[in-house]
Amino acid sequence: MAEKVLHTAMCDIFGIRYPIMLAGMGGASTPELAAAVSNAGGLGVLGAAACAPEQLREWIKRTRSLTDQPFGVDTLLPSAVPSSGSAQKFKAELPQAHVDFARDFKRRHDLPPIDPARAPSRGLAFSRDFFAHQIEVVLDERVPVYVAGLGDPGFMIPEAHKRGMKVMAIAGAVKHARRFVESGVDVVVAQGTDGGGHNSRVGTMVLVPQVVDAVRPTPVLAAGGIADGRGLVAALALGAIGVWVGTPFLATPESGIEDFQKAAIVAAGSEDTVVSRTLTGKPARAIKNKWAEEFEASGLKALPMPFQALIAMPIMEAARQAGRKDIVPGFAGQSIGMITRVRPAREIVEEMVAEAIEILAASMPRTVSFSK
Ligand SMILES: Cc1cc2nc3c(=O)[nH]c(=O)nc-3n(C[C@H](O)[C@H](O)[C@H](O)COP(=O)(O)O)c2cc1C
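Read the sequence shown against this note's numbering and you will find it ends at 437, with the numbers running on by one and no gaps.
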């Protein structure tokens with residue numbers, strides 16, 4: 066019997082077997098997870114937003130040692146950040162009320178001091194210089210795919226194309242998708258509000274078709290709440306050529322988050338997330354947690370990027386090291402309600418494809434006879 070395949074334009078664009086891309090997720094999408102997804106026939110993407118340039122180069126090399134398949138790198142490029150400066154300099158500019166709130170929170174919740182040896186991203190701060198150095202590494206290493214998780218990658222596209230790379234950007238609104246296409250991206254990701262991390266105000270079901278219409282013929286991947294073969298088929302029906310999937314891959318042995326965070330994902334339901342600016346300064350979906358709850362209740366306003374992260378991330382790091390799921394269960398999307406166990410990334414990819422093929426195969430004859 067002939068093998069059943071699910072082949073879309075996405076497979077041709079990236080030279081992959083299945084139209085499934087691992088979302089770049091800071092802390093989770095490590096070389097191990099990205100390689101596992103690429104080896105399973107999808108396309109693994111490193112969540113490298115908080116990687117210093119040297120670490121990013123190391124990650125790329127490690128990924129290459131784990132897979133000979135294509136993979137990508139995702140970083141953030143928000144435009145409204147300072148052009149240069151260290152974390153130390155930015156910290157000196159933090160409002161006293163925010164510093165006091167963080168100090169009191171730490172005390173109230175009995176958080177221990179951070180062990181610097183276990184805090185890889187400590188001391189980093191977003192600036193345009195920092196982003197430029199990350200992009201230099203991405204270009205120098207000729208990573209097959211670069212994804213801007215936030216912001217417009219237009220400035221690096223000519224150089225990336227010269228090196229044979231593909232460039233993508235994530236849009237949570239139609240106007241952003243249009244702008245990225247004018248800048249020359251090869252593929253747009255339309256991510257709806259269902260998704261984990263930085264977020265849209267519009268649901269995936271209505272965002273994807275609008276982005277598809279607005280940017281045609283530029284190809285679109287659907288993201289936000291896609292967790293199984295049904296979601297994949299729905300994405301194709303909405304006009305996407307494939308999917309960008311984050312949350313389901315958090316609950317895998319290969320993902321870089323802590324075991325207590327994986328357990329929190331398995332335990333949580335779809336109503337257990339919240340969209341809040343309290344972690345990064347931009348609206349981001351995470352599992353409900355005491356930091357977001359108490360910061361919102363304090364009446365303080367979240368600071369713009371990169372300043373809010375300088376307040377929140379040391380707390381998150383201390384809570385991570387202490388195994389505190391009440392404070393740092395982590396970013397996650399509404400599809401957590403569909404996740405019932407931790408299982409290998411390969412199993413997620415293969416099951417998603419098998420289910421999608423089954424749905425498509427079963428619906429075809431009915432569709433044809435119905436239309437007669
Ligand atoms: C734990 C976590 C961390 C994330 N970190 C990033 C990031 O560093 N860069 C980025 O572009 N998007 C990030 N995102 C968003 C994802 O790339 C993706 O758009 C989203 O997970 C898709 O929706 P889903 O979670 O419903 O699959 C993150 C999402 C999660 C859940």
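All residues carry an ideal CB built from backbone N, CA and C; glycine is no exception.
Bear in mind the structure is a predicted one, so any value in this text is a computation, not a measurement.
Partner residues in the beta bridge of residue 256, as assigned by DSSP, are 288. Distance from the C-beta of residue 343 to the nearest heavy atom of ligand 1 is not below 7 Å. From the listed residues 189, 255, 293, the smallest Cα separation to residue 279 is found for 255. CA-to-CA, the gap between residue 382 and residue 390 works out to about 12 Å. Per the coordinates, the alpha-carbon of residue 320 lies some 18 Å from the alpha-carbon of residue 134. Taking the Cα positions, residue 404 is about 6 Å away from residue 331.
The three-state reading of DSSP puts residue 410 in helix, counting H, G and I together.
The three-state reading of DSSP puts residue 198 in helix, counting H, G and I together.
Residues of the same chain with a CB within less than 6 Å of the CB of residue 202, apart from the 5 flanking positions on each side, are 118, 121, 122 in chain order. DSSP assignment within the segment 335-373 yields the following whole beta strand (DSSP E) runs of 3 residues or more, N-terminal first: 338-341, 349-352.
A straight line joining the alpha-carbon of residue 305 with that of residue 328 spans about 32 Å. For residue 315, the shortest C-beta to heavy atom distance toward ligand 1 is below 7 Å.
When the alpha-carbon of residue 113 is set against those of 91, 132, 261, 105, the nearest one is in 91.
Here the C-alpha atom of residue 127 lies approximately 12 Å from the C-alpha atom of residue 206.
For residue 81, there is no enclosing beta strand (DSSP E), as DSSP marks it with neither H nor E.
Beta-bridge partners assigned by DSSP to residue 236: 255. In this structure the segment 163-178 does not lie against the segment 229-241, because fewer than three pairs of beta carbons, one per stretch, are closer than 8 Å. Excluding residues up to 5 positions away in sequence, 258 lie with their Cβ nearer than 7 Å to the Cβ of residue 266 in the same chain. With a cutoff of 8 Å on beta-carbon distance, residue 398 and residue 214 are scored as not near each other. Around residue 338, the same chain offers 261, 350, 351, 352, 353, 397, 398, 399, 401 as residues with beta carbons nearer than 8 Å, after the five sequence neighbours per side are excluded.
When DSSP states are grouped into helix, strand and coil, residue 213 belongs to the strand group. Rounded to the nearest whole angstrom, the C-alpha separation of residue 204 and residue 196 is 12 Å. For a cut-off of 8 Å, the C-beta gap from residue 365 to residue 220 is around 34 Å, too long to register as a contact.
Counting other Cβ atoms within 10 Å of its Cβ, residue 429 stays below 16 and is therefore classed as exposed. For residue 342, the number of other beta carbons within 10 angstroms of its own is at least 16, and it is reported as buried. By the C-beta criterion, the segment 291-308 is judged not to be in contact with the segment 361-379, since fewer than 3 inter-stretch pairs fall below 8 Å. Relative to ligand 1, the nearest heavy atom lies less than 7 Å away from the CB of residue 291. Assignment of residue 128 by DSSP, reduced to helix, strand and coil, places it in the helix class. Per DSSP, reduced to three states, the secondary structure at residue 110 is strand.
Of the candidates 370, 376, 183, the residue whose Cα lies closest to the Cα of residue 360 is 376. In terms of Cα proximity to residue 106, the closest of 420, 423, 413 is 413. A direct Cα-to-Cα measurement between residue 263 and residue 358 gives close to 18 Å.
Relative to ligand 1, the beta carbon of residue 309 is positioned inside 7 Å of a heavy atom.
Distance from the CA atom of residue 224 to the CA atom of residue 210, rounded to whole angstroms, is 13 Å. Placement of the Cβ of residue 93 at a distance of less than 7 Å from at least one heavy atom of ligand 1 is found. Listed in chain order, the non-local C-beta contacts of residue 149 below 6 Å within the same chain comprise 192, 194, local neighbours out to five positions each way being set aside.
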